[in-house]
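Counting with the working numbering, you get residues 31 to 580 for the letters of the sequence shown. Positions of the beta carbon are idealized from the N, C-alpha and C atoms, including for glycine. Report on one structure; see the data block that follows.
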Amino acid sequence: AEQRAALLAAASLFPVPDGARFSYGTAGFRAEGSTMGPAVCRAGMVAALRSVKLGGAAVGLVLTASHNPLRDNGVKIVDEDGGMMSQDWEPFADALANAPNPDALLQIVLKFAKDEDIRLGEGHSAQVLLARDTRPTGEYLLDAAVKGVNAVIGAVALDMGILTTPQLHWIVRCKNKGLKASEMDYFTQVIDSFRCLLKLVPKDKGADVMNNRLVVDGANGIGGLKLEEIKARISGLDIHVRNSGNGEGILNERCGADFVQKEKVVPLGFGPEDVGFRCASFDGDADRLVYFRIVSSTDTRIDLVDGDKILSLFVLFVREQIDIINGNNDEGNKVLPTRFGVIQTAYANGASTDFLENLGLEVVFTSTGVKYLHKKSLEYDIGIYFEANGHGTVLFSDHFVSQLESLTSEFSLKASGSSQHQAAMRLLAASQLINQAVGDALSGMLLVEAILQYKGWSFQNWCDIYTDLPSRQLKVKVQDRTAIVTTDAERRVCQPSGLQELIDGEIANYSHGRCFVRPSGTEDVVRVYAEASTEEAANSLAKQVAQHVE
Ligand code: 16G
Ligand code: ZN
């Protein structure tokens with residue numbers, strides 16, 4: 031009875047306005063921040079119940095709308111392992127967010143608890159770690175989330191403050207593994223493992239000063255703030271932060287990873303002093319990373335290095351280390367047999383897929399959205415995934431890490447300082463550096479920097495590994511975007527029937543033509559992506575296909 035009253039009371043504090051409809055979608059609930067109170071309060075309940083279900087393990091709740099405008103906000107739930115909330119709970123989250131009144135909400139919770147065998151009010155414990163980005167609605171929504179968590183009796187809400195999204199994912203993961211899990215621990219681990227990788231750079235690759243300068247676009251968000259805080263402790267790099275979030279510009283406005291990758295022009299906040307230097311760009315909650323270089327001070331165009339090329343750099347590095355460890359041993363006698371997975375989405379530039387396949391790798395495709403890529407990557411000893419938009423990471427399985435650990439101690443007895451020993455140490459340091467829970471702009475950037483130094487590569491060397499095919503994206507407004515159903519990792523349409531044939535007919539007119547359409551998971555539009563051998567051809571293919579969608 032006490033439990034019922036608590037749920038009813040919390041739900042009454044944040045009544046759902048008529049006509050509002052929330053969908054958990056690709057990455058949680060998102061809307062204009064001031065309207066998000068009810069959905070966030072209810073997401074707090076879901077998170078608390080999830081923690082109860084997981085026997086009291088810590089669960090996370092992040093308040094952010096990522097690369098979206100300042101007025102928007104959003105909420106997503108982080109599971110016990112630091113990844114996205116298990117997809118089989120999404121329908122429950124949707125149902126709860128859309129329950130029209132407190133009574134309906136209570137019935138949904140009771141039924142779900144029964145189905146999931148969650149015994150409400152029976153002295154269980156639960157903990158939800160909360161974080162938010164720098165948006166002005168963050169504090170109001172934090173309060174809504176706390177009220178939702180507290181409506182589940184026995185649940186504790188812990189406010190972790192203003193963090194990047196990947197920091198909270200990391201903290202939840204570490205906490206549940208019984209590891210050190212504070213923000214300070216995160217910084218220490220990132221900084222130490224980066225330093226360790228730099229120590230393992232071959233002596234003949236000593237980087238020059240030009241190569242040490244790195245200019246970072248913080249999107250006027252949390253990533254820039256955090257980087258300002260720690261940049262002095264990062265050895266071997268001369269970091270300059272633009273759009274640091276200290277008040278000089280508006281969050282995500284004509285800056286940040288999403289803008290840079292989509293518009294391919296110089297973001298606000300950059301000036302003549304940055305021309306020619308290597309630049310990195312984070313999105314508003316610092317889970318996406320792209321690189322770019324300003325070509326000249328009289329030109330707004332940039333050379334872009336997107337998620338696909340970051341992925342390719344990581345693949346080259348990891349493969350090289352594994353080859354060093356395995357030496358010339360044949361398949362049956364490998365020192366470190368490795369199941370190696372490379373995961374992309376339909377948005378991956380075709381040139382990147384060709385590049386990876388020409389290395390002899392099998393590339394696997396999933397639907398758009400981190401939850402799909404991440405899940406697939408977990409099937410490998412080393413799973414590397416990236417979306418073209420810059421969200422991705424490198425996952426090392428526990429089994430593989432323990433193999434690496436025993437190898438390094440073996441090598442250090444027999445052949446300390448050997449190239450095999452060093453390669454194993456590099457992989458271990460990389461597994462410490464790069465976020466194992468989710469894509470992370472800050473730690474991903476440091477891994478990029480360590481690899482460029484390891485290879486003695488300039489930005490240009492990196493650009494040159496392959497040349498992107500020209501591509502074009504369009505949005506089409508339609509009556510009902512759910513009428514389009516896709517298959518084969520969103521690369522083909524299966525409904526409405528006949529549409530795929532029309533698309534195929536258009537593609538046939540272009541050399542290197544590739545095109546697909548899919549309903550957006552975050553906006554009420556259908557997206558069209560086209561690729562071809564020239565800019566004009568990609569534009570015209572996209573336009574032709576868009577007409578078939580309208
Ligand atoms: C979300 C996803 C991102 C995906 C994008 C696609 C996460 C953390 N974020 O931002 O990975 O690329 O949605 O949006 O999963 P769309 O469905 O509107 O094209
Ligand atoms: Zn983001």
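Helix, strand or coil at residue i [DSSP, three-state]
{"i": "Gln577", "result": "helix"}
{"i": "Asn569", "result": "helix"}
{"i": "Gln490", "result": "helix"}
{"i": "Tyr402", "result": "helix"}
{"i": "Cys71", "result": "helix"}
{"i": "Arg318", "result": "coil"}
{"i": "Gln667", "result": "Nothing about residue 667 can be reported from this structure: the residues present for the chain run from 31 to 580 only."}
{"i": "Gln509", "result": "coil"}
{"i": "Gly413", "result": "strand"}
{"i": "Arg522", "result": "strand"}
{"i": "Phe300", "result": "coil"}
{"i": "Ile495", "result": "coil"}
{"i": "Gly279", "result": "coil"}
{"i": "Arg51", "result": "coil"}
{"i": "Gly254", "result": "helix"}
{"i": "Asn131", "result": "coil"}
{"i": "Asp234", "result": "helix"}
{"i": "Met66", "result": "coil"}
{"i": "Glu110", "result": "coil"}
{"i": "Ala123", "result": "helix"}
{"i": "Ile260", "result": "helix"}
{"i": "Lys210", "result": "coil"}
{"i": "Arg284", "result": "coil"}
{"i": "Ala362", "result": "First, the amino acid is wrong: residue 362 is Gly here, not Ala. Helix, per DSSP."}
Span of the alpha helix (DSSP H), counted from its first residue to its last, around residue i
{"i": "Val245", "result": "Where Val245 is concerned, there is no enclosing alpha helix (DSSP H), although the beta strand (DSSP E) it sits in stretches over Arg243 to Asp247."}
{"i": "Ser96", "result": "Note, Ser96: premise wrong, no alpha helix (DSSP H); not H, not E."}
{"i": "Leu354", "result": "The displayed chain sequence assigns Ile, not Leu, to residue 354. Here the alpha helix (DSSP H) through Ile354 covers Gly337 to Asn356."}
{"i": "Val290", "result": "Ala287 to Glu293"}
{"i": "Ser382", "result": "Gly380 to Asn388"}
{"i": "Gly474", "result": "Ala471 to Lys485"}
{"i": "Ser223", "result": "Glu213 to Lys229"}
{"i": "Ala310", "result": "First-last for Ala310: Arg308 to Phe312, but that is the beta strand (DSSP E), not the alpha helix (DSSP H)."}
{"i": "Asn180", "result": "Gly168 to Asn180"}
{"i": "Glu32", "result": "Glu32 to Leu43"}
{"i": "Leu532", "result": "Leu529 to Ile537"}
Residues that DSSP places opposite residue i in a beta bridge
{"i": "Gln157", "result": "Ala88 and Val186"}
{"i": "Ile324", "result": "Ile332"}
{"i": "Leu504", "result": "Val558"}
{"i": "Asp588", "result": "Since the first and last residues shown for the chain are 31 and 580, residue 588 lies out of range."}
{"i": "Gly104", "result": "Arg60"}
{"i": "Ile201", "result": "For Ile201, which the question treats as bridged, DSSP gives no partner whatsoever."}
{"i": "Arg162", "result": "Leu93 and Ile192"}
Continuous beta strand (DSSP E) stretch holding residue i: start and end
{"i": "Asp269", "result": "Sequence check: residue 269 is Ile here, not Asp. Where Ile269 is concerned, the enclosing beta strand (DSSP E) stretches over Asp268 to Arg272."}
{"i": "Thr517", "result": "Val515 to Thr517"}
{"i": "Thr423", "result": "Gly422 to Phe426"}
{"i": "Arg149", "result": "Careful: Arg149 lies outside any beta strand (DSSP E) and carries neither H nor E."}
{"i": "Arg544", "result": "Arg544 to Pro549"}
{"i": "Val372", "result": "Phe370 to Gln374"}
{"i": "Val394", "result": "Val393 to Phe395"}
Identity of the residue in the options nearest residue i by Cα
{"i": "Ile414", "options": "Lys339, Val579 and Asn359", "result": "Lys339"}
{"i": "Ala310", "options": "Cys285, Thr330, Thr517 and Val515", "result": "Cys285"}
{"i": "Glu520", "options": "Tyr402, Thr564 and Gln433", "result": "Tyr402"}
{"i": "Phe289", "options": "Leu255, Ser382, Glu387 and Ala249", "result": "Ala249"}
{"i": "Ala572", "options": "Val555, Val547, Asp554 and Glu553", "result": "Val547"}
{"i": "Phe370", "options": "Arg349, Gly362, Asn388 and Glu361", "result": "Arg349"}
{"i": "Ser448", "options": "Gln490, Pro232, Ile373 and Gln503", "result": "Pro232"}
{"i": "Asn128", "options": "Asp109, Arg80 and Cys71", "result": "Cys71"}
{"i": "Ile481", "options": "Arg272, Thr383, Leu228 and Leu472", "result": "Leu228"}
{"i": "Asp586", "options": "Leu244, Ile280 and Asn276", "result": "Since the displayed the chain opens at 31 and closes at 580, residue 586 lies outside it and no answer follows."}
{"i": "Asp163", "options": "Ala185, Val46 and Leu171", "result": "Leu171"}
{"i": "Leu504", "options": "Lys364, Val555, Ile537 and Ala88", "result": "Val555"}
{"i": "Val431", "options": "Tyr410, Arg51 and Gly420", "result": "Tyr410"}
{"i": "Gln530", "options": "Lys444, Asn180 and His578", "result": "His578"}
{"i": "Pro68", "options": "Ala41, Glu62 and Leu79", "result": "Ala41"}
{"i": "Tyr540", "options": "Ser527, Ala567, Cys524 and Gly551", "result": "Ala567"}
{"i": "Ser8", "options": "Ser570, Ile280 and Val506", "result": "What the structure shows of the chain is the stretch from 31 to 580, and residue 8 is not part of that stretch, so it cannot be assessed."}
{"i": "Glu23", "options": "Pro99, Asp145 and Ala35", "result": "Only positions 31 to 580 of the chain appear in this structure, which leaves residue 23 out of reach."}
{"i": "Ser155", "options": "Lys207, Arg80, Asp147 and Val139", "result": "Arg80"}
{"i": "Ser382", "options": "Ile332, Gly337 and Asp518", "result": "Gly337"}
{"i": "Phe385", "options": "Trp492, Gly301, Leu84 and Gln197", "result": "Trp492"}
{"i": "Gly301", "options": "Arg323, Leu281, Asn276 and Ser327", "result": "Ser327"}
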